[in-house]
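**Student:**
Residue numbers (full-length UniProt numbering): 1 to 670.
Here it is as structure tokens:
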């Protein structure tokens, strides 16, 4: 006999069950009738959590409590656990023996597997208390209930199953799968617990051939407030440990994993982080500044690593417009002068990469083509400051200078920005003109009229003074906004105009237009207070409240645009040319992990070293860059660190990679 679903006709017996489930009989008509009489009822009752109906069926035919009632071979306990009916599971567990709890469906899943998927911990506790073997019985795809709970991100269930599962029956492949899955589902505390018991997992790969560091490299860290700050930093906001410990736990996990990796030989480290994909450069592409900072602090040599295109992490940051990664270049002193000389196979230097149009998902971090064009210009200007002077006009293999490539790549964006600015200026200028016309007319049609001498009759009243001042301010501001919008319409729209000139004109024009509208409404409501000075007082008050509503709505609608313009023009301009708040080489301590303590010597020492060997270093680097093109095409290409210019770092003893940097520094000091 077999249960099939979906309401399909039983060709053998010609019956269709009411619930869409059919028991196909092979010469056992009585059992088929029993299923229609009891099996369907008990299945429906399990879905609804109706214990009374199940109890009635059990009195007549007790075997149905243990029988399989679905096409997939699930029992009533499976269904109750999946439907999260705690009271029903409790009663079923009480009347079932321990072996019945271990019954599996066709895929090999026990009822505990269903409970793990549901995430209801109390249901799992009831089952495990009755049968201690359940957590170790593997289900579909040879997964334990613990692995299923981790995949679905049920954190409380995971912590419970971690306590009751016999870890001696798990293989290293099971454990590394748990580790990477817990990272994928943001359960960094669980991952830390697993890693603390099995440190070797840092070096193992899961079924996808990825290490735990690979899983972290592609995992975005959530900010402390859960929001993405894209207004001017375009990166995750700073970590606030008091509000949310998840980012700090992720950093602790990165450090713990990396501490194990850097104990290996250098070639083993390159193999671990370079296969199946280069996690260093993927992290740079995704803007994982905390991830890279943690790795580089313990292994500074990573700043010299290049990919198959001879791009360092800073080249990747420029190409993919990752601001926080790029700003780390200001903290490596004179080393940045060498890194900025690297070229790819097409002869593109770092400034050529800044000249190319940003990826769409990074370009759309700011609103509007005008601000996007401004952002691209800021990037070009920031990179231009750190490359060698001759690289500014250097041609690539296509005979294009960085500026020519920038103009070519951004022509369409510039045109879109120009069209948007003109349409906006035309619309705003029209509104400003209408306002100026109305308030100009109102200036010669004073409320209350004038006397025989031509003086306003109500000139000594307070409301009249408010009317006169607000009307005048509205006229002046609307006229000024008209002139500003006219200057936008007559602008030449050169690339440099998008940097400051056009955004500032637009912001000034919008602010003046908003002021003119607000003061026009004030002048309008003042006339009603004058008109009703001896009448009903609530009428002008009501009119003033109603008149303020559209002004408020307009201001709220324009506020995001004004804020974007201001922050993109001033805040972004400053942030791209300043060192990152996340210091690359600084003393760091945490409560959960013993980090390597690192500190950076004063920048003046780097500059003094650089001044004495600049010409030699630059020339030797050109030879290094050219020789790299003839080298092997391995996962990582590493430019030798010049001994003349070294980033001096002091750390705890025990790391050969840090000690190598210290030795270089001591040799120079002597």
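Using N, Cα and C, we set each Cβ at its ideal position, and we do this for glycine too.
Just so you know, these numbers come straight off a predicted model, no measurement behind them.
Quick one: residues in its chain with C-beta nearer than 6 Å to the C-beta of residue 277, no 5 flanking neighbours on either side, listed in chain order?
**Tutor:** As a first step, residue 277 is located in the chain shown; it is residue number 277 there, counting from the start. Counting only Cβ-Cβ distances below 6 Å, and skipping sequence neighbours, we find nothing.
**Student:** Is the CB-CB distance between residue 376 and residue 360 below 8 Å?
**Tutor:** Position 376 of the chain shown, counting from 1, holds the residue named residue 376. Position 360 of the chain shown, counting from 1, holds the residue named residue 360. No, these two residues do not count as a Cβ contact at 8 Å.
**Student:** Tell me whether residue 106 sits in a helix, a strand or coil according to DSSP, three-state version.
**Tutor:** Taking the chain shown and counting its residues from 1, one reaches residue 106 at position 106. In this structure, residue 106 counts as coil in the three-state DSSP scheme.
**Student:** Once DSSP output is grouped into helix, strand and coil, what is the label at residue 305?
**Tutor:** Working through the chain shown from its first residue, we reach residue 305 at position 305. In the structure shown, residue 305 sits in a strand (DSSP, three-state: E or B).
**Student:** Please classify residue 703: does DSSP put it in a helix, a strand, or coil?
**Tutor:** Residue 703 cannot be examined here, being either before or after the span of the chain that is shown, 1 to 670.
**Student:** Let me confirm a value: residue 110 is counted as buried when at least 16 other C-beta atoms fall within 10 Å, else exposed. Which label applies?
**Tutor:** On the chain shown, position 110 is the one that residue 110 refers to. Around the C-beta of residue 110, 16 or more other C-beta atoms lie within 10 Å, and the residue is accordingly described as buried.
**Student:** Between residue 66 and the rest of its own chain, which residues show a CB-CB distance below 8 Å, the 5 nearest in sequence each way excluded?
**Tutor:** Residue 66 sits at position 66 when you count from the first residue of the chain shown. Contacts found: 75, 96, 100, 103.
**Student:** Within 10 Å of its beta-carbon, does residue 538 have 16 or more other beta-carbons around it, so buried, or fewer, so exposed?
**Tutor:** Reading the chain shown from its first residue, position 538 is the one you call residue 538. With fewer than 16 other Cβ atoms inside 10 Å of its own Cβ, residue 538 counts as exposed.
**Student:** Inspect the beta-carbon positions of residue 391 and residue 351 and report whether they are closer than 8 Å.
**Tutor:** Translated into positions along the chain shown, residue 391 becomes position 391. Translated into positions along the chain shown, residue 351 becomes position 351. Their beta carbons are under 8 Å apart, which means residue 391 touches residue 351 by this criterion.
**Student:** Where does residue 91 sit, in a helix, a strand or coil, going by DSSP?
**Tutor:** To locate residue 91, count along the chain shown from 1; it is residue 91. If DSSP states are grouped into helix, strand and coil, residue 91 belongs with the helices.
**Student:** Using the rule of at least 16 other Cβ atoms within 10 Å of the residue's Cβ for burial, across every protein chain shown, is residue 142 buried or exposed?
**Tutor:** Counted from its first residue, the chain shown places residue 142 at position 142. Counting the other CB atoms within 10 Å of its CB gives residue 142 a total below 16, which places it among the exposed residues.
**Student:** Return yes when the Cβ of residue 565 is within less than 8 Å of the Cβ of residue 507, no when it is not.
**Tutor:** Position 507 of the chain shown, counted from the start, is the residue given in the question as residue 507. Position 565 of the chain shown, counted from the start, is the residue given in the question as residue 565. One thing to note: residue 507 has its Cβ within 8 Å of the Cβ of residue 565.
**Student:** Roughly how many angstroms separate the alpha carbons of residue 417 and residue 124, rounded to a whole number?
**Tutor:** To locate residue 417, count along the chain shown from 1; it is residue 417. To locate residue 124, count along the chain shown from 1; it is residue 124. Those two C-alpha atoms are separated by around 59 Å.
**Student:** Please state if the CB of residue 309 and the CB of residue 347 are separated by a distance shorter than 8 Å.
**Tutor:** Taking the first residue of the chain shown as position 1, residue 347 is located at position 347. Taking the first residue of the chain shown as position 1, residue 309 is located at position 309. In this structure, residue 347 lies away from residue 309, with their beta-carbon atoms at least 8 Å apart.
**Student:** Would you grab the beta carbon distance between residue 291 and residue 382 for me? Rounded to a whole angstrom, and I think it's under 8 Å.
**Tutor:** By 1-based counting over the chain shown, the position of residue 291 is 291. By 1-based counting over the chain shown, the position of residue 382 is 382. The pair is not a contact, with the Cβ atoms about 22 Å apart (cut-off 8 Å).
**Student:** With residue 474 and residue 519 assumed to form a contact (beta carbons below 8 Å), what rounded beta-carbon distance in angstroms separates them?
**Tutor:** Taking the chain shown and counting its residues from 1, the one referred to as residue 474 is at position 474. Taking the chain shown and counting its residues from 1, the one referred to as residue 519 is at position 519. Indeed, because the Cβ distance is near 4 Å, the residues count as touching under 8 Å.
**Student:** DSSP on residue 219, reduced to helix/strand/coil?
**Tutor:** For the purposes of this step, residue 219 is taken as the residue at position 219 of the chain shown. Reduced to three states, the DSSP call for residue 219 is coil.
**Student:** Could you check if residue 200 is buried or exposed, using at least 16 other CB atoms within 10 Å of its CB as the buried criterion?
**Tutor:** To locate residue 200, count along the chain shown from 1; it is residue 200. Classification of residue 200: exposed, given that the 10 Å Cβ count is below 16.
**Student:** Can you find the residues in the same chain that come closer than 6 Å, C-beta to C-beta, to residue 512, ignoring five residues on each side of it along the sequence?
**Tutor:** Counting from 1 along the chain shown, the entry for residue 512 is found at position 512. For residue 512, where only same-chain residues beyond five positions count, the Cβ hits under 6 Å are 477, 480, 481.
**Student:** Nearest-angstrom Cα distance between residue 274 and residue 426?
**Tutor:** The count along the chain shown starts at 1 and reaches residue 274 at position 274. The count along the chain shown starts at 1 and reaches residue 426 at position 426. Each residue's Cα considered, the two are about 54 Å apart.
**Student:** Please list the terminal residues of the continuous alpha helix (DSSP H) segment that includes residue 265.
**Tutor:** Residue 265 sits at position 265 when you count from the first residue of the chain shown. From DSSP, residue 265 is part of no alpha helix (DSSP H); its letter is neither H nor E.
**Student:** Select from 38, 316, 79, 251 the residue whose C-alpha is nearest the C-alpha of residue 344.
**Tutor:** Residue mapping note: residue 344 aligns to position 344 of the chain shown, counting from 1. Checked all of 38, 316, 79, 251; the closest Cα to residue 344 is 316.
**Student:** Could you say which of 335, 293, 339 lies nearest to residue 324 if we only look at CA atoms?
**Tutor:** Against the chain shown, residue 324 aligns to sequence position 324. The shortest Cα separation from residue 324 among 335, 293, 339 belongs to 293.
**Student:** Between which two residues does the alpha helix (DSSP H) containing residue 325 stretch?
**Tutor:** The residue given as residue 325 occupies position 325 in the chain shown. Unbroken alpha helix (DSSP H) run through residue 325: 323-327.
**Student:** Under three-state DSSP, which class holds residue 212?
**Tutor:** Against the chain shown, residue 212 aligns to sequence position 212. It is helical.
**Student:** Considering only their Cβ atoms, is the gap separating residue 151 from residue 181 smaller than 8 Å?
**Tutor:** Taking the chain shown and counting its residues from 1, one reaches residue 181 at position 181. Taking the chain shown and counting its residues from 1, one reaches residue 151 at position 151. In contact: residue 181 and residue 151 (Cβ atoms closer than 8 Å).
**Student:** My understanding is that residue 116 touches residue 145, with C-beta atoms under 8 Å, so please give their C-beta distance in whole angstroms.
**Tutor:** Along the chain shown, read from residue 1 onward, the residue named residue 116 stands at position 116. Along the chain shown, read from residue 1 onward, the residue named residue 145 stands at position 145. Right, their Cβ atoms sit about 4 Å apart.
**Student:** Do you know whose CA, among 71, 342, 463, 337, lies nearest residue 307's CA?
**Tutor:** As a first step, residue 307 must be located in the chain shown, where it is residue number 307. Ranking the options by Cα distance to residue 307, first place goes to 342.
**Student:** Distance check for residue 335 and residue 282, CA to CA, integer angstroms please.
**Tutor:** Position 282 of the chain shown holds residue 282. Position 335 of the chain shown holds residue 335. When the Cα atoms are used, residue 282 and residue 335 turn out to be separated by approximately 22 Å.
**Student:** Could you round the C-beta distance between residue 703 and residue 362 to whole angstroms and report it? I think they count as a contact, below 8 Å.
**Tutor:** The structure shown does not extend to residue 703, since the chain is modelled only from 1 to 670, so the question has no answer here.
**Student:** Identify, in the order they occur along the chain, each residue of the same chain with its Cβ nearer than 7 Å to the Cβ of residue 287, setting aside the five sequence neighbours on each side.
**Tutor:** Taking the chain shown and counting its residues from 1, the one referred to as residue 287 is at position 287. Excluding five sequence positions before and after residue 287, the CB atoms of its chain that fall closer than 7 Å to its own CB belong to 235, 322, 324, 325, given in chain order.
**Student:** My assumption, with CB atoms under 8 Å, is that residue 139 sits in contact with residue 108. Please give the rounded CB distance.
**Tutor:** Indexing the chain shown from 1 puts residue 139 at position 139. Indexing the chain shown from 1 puts residue 108 at position 108. Sure, about 5 Å apart at Cβ, within 8 Å.
**Student:** My assumption, with CB atoms under 8 Å, is that residue 370 sits in contact with residue 339. Please give the rounded CB distance.
**Tutor:** The sequence position of residue 370 within the chain shown is 370, counting from 1. The sequence position of residue 339 within the chain shown is 339, counting from 1. Going by Cβ atoms, the distance from residue 370 to residue 339 rounds to 32 Å, so no, they are not a contact pair.
**Student:** Can you list, in chain order, the residues of its chain whose CB lies under 6 Å from that of residue 419, leaving out five sequence neighbours each side?
**Tutor:** Along the chain shown, read from residue 1 onward, the residue named residue 419 stands at position 419. Counting only Cβ-Cβ distances below 6 Å, and skipping sequence neighbours, we find nothing.
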